[in-house]
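Heads up: the structure comes next, in structure tokens.
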Amino acid sequence: MKWQAQGEYLVISNTIPAYKVSKVFIRAEAEYRPSFCGEFISLFVPTFDEAKAICERHHQIMGEAQEAA
Numbered sequence: 117m118k119w120q121a122q123g124e125y126l127v128i129s130n131t132i133p134a135y136k137v138s139k140v141f142i143r144a145e146a147e148y149r150p151s152f153c154g155e156f157i158s159l160f161v162p163t164f165d166e167a168k169a170i171c172e173r174h175h176q177i178m179g180e181a182q183e184a185a
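Numbering (my numbering), first residue to last: 117 to 185.
Given below as structure tokens:
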């Protein structure tokens, strides 16, 4: 799965539909939250890599999204 930044606070995958990882600041600390089809698939996690791994694991298990060319 490939990822592309869509501004400073959002990264999306190359799947259809896309996985998204949003970046928010909680108590001045960056936190990341993965989502798919408008629903969060996890609580906040401290790193982008952890959020990305959650999306990739969800993709492997659910198989709902197709890789874009």
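Just so you know, even glycine gets a beta-carbon here, dropped at the ideal spot from N, CA and C. Fair warning: this is a prediction, and the values are worked out from it, not measured in the lab.
- Task: Look at the Cβ atom of V137, then the Cβ atom of E147, and state whether they are nearer than 8 Å.
- Result: no
- Query: On the three-state DSSP scale, how would you describe A149?
  - Reply: Contrary to the premise, residue 149 reads as Arg rather than Ala in this sequence. Strand.
- Going along the chain, which residues of its own chain have a beta-carbon closer than 6 Å to the beta-carbon of A121, five neighbours each way excluded? V127
- Buried or exposed for A261, please, with buried defined as at least 16 other CB atoms from any protein chain shown within 10 angstroms of its CB. Residue 261 lies beyond the stretch modelled for the chain, which goes from 117 to 185, so this question has no answer here.
- Coarse secondary structure for I157, derived from DSSP in three states: coil
- What are the boundary residues of the alpha helix (DSSP H) that A167 is part of? F164 to M178
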